[in-house]
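Trainee:
Structure follows, in structure tokens:
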């Protein structure tokens, strides 16, 4: 049923539909609306979940870890510093192969403290062993949570999934969303049946010490699952389309006007809506431009990216995050996707935009296309204010 | 081999380890219908080195400081499944994992009122990493990060009062126990799990490497801590001191000379006096002295 709703509320509604056993979270802007709505649903008796109000994100992640190990479906949400505070638990959850689903309401990282959107938080946890899928709009934010549970709880996978949605832009944005009906949710997402759980009827030990004779294989196994999951994403996407009639193709990337494009911008998340609009404007003027949206950042779809862009002469990668002292995060992956290959762009330029919530406007995207010349640039910042860079320190 | 034991032999604890004995007493008292969440530390390392485990009950280890939060999740899941009434949940860890790095998670667990027994195995330093001082290391103890030297007689602070911190949360059961008094420990665990809500038991567990005593001296050393008044055994029920182990106090010097970690104090009457004062305060505070 179509509803005009806030992104956070839509996410809370879909989490309710998945009927998690335990929800635990700690307040951090801009994640708060999601968990407030869930708390209200529990208070109203509409949702039977145990809602555990914790004293920190570290404990929020630990609570869902413990609950997931006990065999129930779990949910948590966080942002920014909260994600960083739970970082060691985030890695731990993946290492223990627990199918936790978490929303990251993407937000900048301190210092300076800043509550607005970029993607530095989740991107910085790219090596944790979690799937990371990025929504462009609130329909995707809703649908991707259903897909996340289905993927995480797949017996071939058993890994946690982070659904990333741009803070404020999506979490606080009002959009029309076709809310999945409960009977269809039940059809797409069966009740969670754990492979292993903490149960006195059949005692097991979880979280054992693995010495050098055993540790490496556990990491290798996750790496292999991640690689294999590239295919599972397509498979789950097809089933999602069958039930709900929305086609996310392979769930890895979205190509937009790339076929004959001479210039393509690669980006992730809500900014891709703006990019597509600029692509439309420039196409109307006869310019051969396009865009490629990364949906799955982990696992990273190298082969799919190669196929999509191998004949495009110039590619601009727009990162809403930086790796200070190195190439920008998505740019690194893009360059890796073409290294040593027969075909590929002559130029892969890297741009950084929208940090700390600075608006990425239509003009910003025009500027990226303008700066995408034969001369490759790296971590070129868009929309910098030169007057703020003039400050000098006295002695 | 006792294959039906809930904490089985064959683990890799040191000879003379008080923690291994206490951990076994705790789980045997709690029974098979128990799920344990364990912090990182000696107990975790010596009982669950892959591919082996000493545990005959469901057991989970996540990180150093989060067993109270992991156990909270286990308990919440059991509630959701309608199984909480038939299954006990125990969170456990060492003194550092409990009173230092894990204090926040512990406080959260207590404040939220989870039906969990938290057991702190207090060997009074970070033994697993090589005898560094913790907040629960006693005054004047020689550890690798509170070493004695020409300008120092060891750890400069008294023990952090974690049982009192727990008590301040208004929980219904707080007790101390000792590996030196096994029946008392067993009784306290049984009592604790019979009470709904959060419970805290702190067990004094000697460590042969960190405390430096002969491996056959675990029991006498543990007993002396209690008998000198340095480790008072008490039970608080609903905020009231309901029970304490009364003693005919022995001088603290007897306890200090039983262990290498206090060896540097033995010719220092001034420092021994300070430690005697700590014991005397405990004796007074908890009315430990056997009435004549």
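Chains as they are written, first to last, in the working numbering: chain H, 1 to 395; chain E, 1001 to 1292.
By construction, the Cβ of each residue, glycine as well, lies at the ideal position given by its N, Cα and C atoms.
Just so we're clear, the structure is a prediction, and the values are computed from it rather than from any experiment.
(1) Going along chain E in order, which residues have a C-beta closer than 7 Å to the C-beta of residue 44 of chain H?
(2) Please report the distance separating the alpha-carbon of residue 1067 of chain E from that of residue 1106 of chain E.
(3) The alpha helix (DSSP H) spanning residue 82 of chain H covers which residue range?
(4) Would you kindly work out how many angstroms separate the C-alpha atoms of residue 252 of chain H and residue 227 of chain H, rounded to a whole number?
(5) Just to confirm my understanding: we take residue 6 of chain H, look at its own chain, exclude 5 residues before and 5 after, and list those with CB closer than 6 Å. What are they?
(6) Please go through the same chain and pick out, in chain order, the residues whose beta-carbon is closer than 8 Å to the beta-carbon of residue 463 of chain H, but skip the five residues on each side of it.
(7) Does residue 70 of chain H have its Cβ less than 8 Å from a Cβ in chain E?
(8) Specify the secondary structure class of residue 120 of chain H as computed by DSSP and reduced to three states.
(9) Measuring alpha carbon to alpha carbon, tell me which of H:376, H:327 and H:286 ends up nearest residue 314 of chain H.
(10) Whose C-beta lies closer than 7 Å to the C-beta of residue 374 of chain H among residues of the same chain, with five residues either side of it excluded?
(11) List, in order along the chain, the chain E residues whose C-beta lies closer than 8 Å to that of residue 200 of chain H?
(12) State yes or no: is the beta carbon of residue 1070 of chain E nearer than 8 Å to at least one beta carbon in chain H?
(13) Could you check the C-alpha separation between residue 273 of chain H and residue 295 of chain H for me, to the nearest Å?
(14) Which ranges does the beta strand (DSSP E) cover as unbroken runs of at least 3 residues, wholly within the region 294-351 of chain H, from first to last along the chain?
(15) At what residues does the beta strand (DSSP E) containing residue 51 of chain H begin and finish?
(16) By Cβ distance, which residues of its chain are closer than 8 Å to residue 1001 of chain E, with the 5 residues on each side in sequence left out?
(17) Is it true that the region 334-345 of chain H meets the region 301-314 of chain H, where meeting means three or more beta-carbon pairs spaced less than 8 Å apart?
(18) Using beta carbons (cut-off 8 Å, strictly below), is residue 1244 of chain E in contact with chain H?
(19) Rounded C-beta distance between residue 105 of chain H and residue 171 of chain H? I'm assuming under 8 Å.
(20) Which of the three DSSP states, helix, strand or coil, is assigned to residue 1200 of chain E?
(21) At a CB-CB cut-off below 8 Å, which residues of chain E make contact with residue 211 of chain H?
(22) Would you list the residues sitting across from residue 1262 of chain E in a DSSP beta bridge?
(23) Can you give me the C-alpha to C-alpha distance between residue 953 of chain E and residue 1190 of chain E, rounded to a whole angstrom?
(24) Is there at least one Cβ from chain H nearer than 8 Å to residue 1274 of chain E's Cβ?
(25) Measuring only the C-alpha atoms, how far is residue 117 of chain H from residue 167 of chain H?
(26) For residue 85 of chain H, would you say it is in contact with chain E, using Cβ-to-Cβ distances shorter than 8 Å as the test?
(27) Quick check on the burial criterion: 16 or more other C-beta atoms within 10 angstroms. Buried or exposed for residue 1173 of chain E?
(28) Sort out for me which residues DSSP pairs residue 1132 of chain E with in a bridge.
(29) Step through the CB atoms of chain H and report whether any lies within less than 8 Å of the CB of residue 1074 of chain E.
(30) How would you list, in chain order, the residues of chain H whose beta-carbon sits under 8 Å from the beta-carbon of residue 1045 of chain E?
(31) Count the C-beta pairs between the region 1106-1123 of chain E and the region 1199-1206 of chain E that are closer than 8 Å, then say yes if the count reaches three, no if not.
(32) When the cut-off is 8 Å and only beta carbons count, does residue 17 of chain H lie next to chain E?
(33) Residues in the region 1084-1113 of chain E with C-beta within 8 Å of chain H's C-beta atoms, listed in sequence order?
(34) When the distance is taken between beta carbons, is residue 194 of chain H closer than 8 Å to residue 21 of chain H?
(35) So does the region 84-95 of chain H actually touch the region 1088-1106 of chain E, counting three or more Cβ pairs closer than 8 Å?
(36) With residue 1188 of chain E and residue 1099 of chain E assumed to form a contact (beta carbons below 8 Å), what rounded beta-carbon distance in angstroms separates them?
Mentor: In this structure, then:
(1) Per Cβ cutoff of 7 Å: no residues; residue 44 of chain H is ~17 Å from chain E at best.
(2) 8 Å
(3) 80-85
(4) 12 Å
(5) 174
(6) There is simply no residue 463 of chain H to check, as chain H begins at 1 and stops at 395 in what is shown.
(7) yes
(8) helix
(9) H:376
(10) 347
(11) 1032, 1033, 1034, 1035, 1057, 1058 and 1087
(12) yes
(13) 13 Å
(14) 296-298 and 314-319
(15) 50-53
(16) Legend: pLDDT at residue 1001 of chain E = 48, less than 50; position of this residue unreliable, value from coordinates given subsequently. Same-chain partners within the cutoff: 1008, 1009 and 1010.
(17) yes
(18) no
(19) 5 Å
(20) strand
(21) 1049 and 1050
(22) In the DSSP output, where bridge partners are listed per residue, residue 1262 of chain E has none listed.
(23) Because chain E spans 1001 through 1292 in this model, residue 953 of chain E falls outside it and cannot be assessed.
(24) no
(25) 5 Å
(26) no
(27) buried
(28) E:1126
(29) yes
(30) 209
(31) yes
(32) no
(33) 1087, 1104, 1105, 1107, 1108, 1111 and 1112
(34) no
(35) no
(36) Incorrect: roughly 19 Å between the Cβ atoms, too far for contact.
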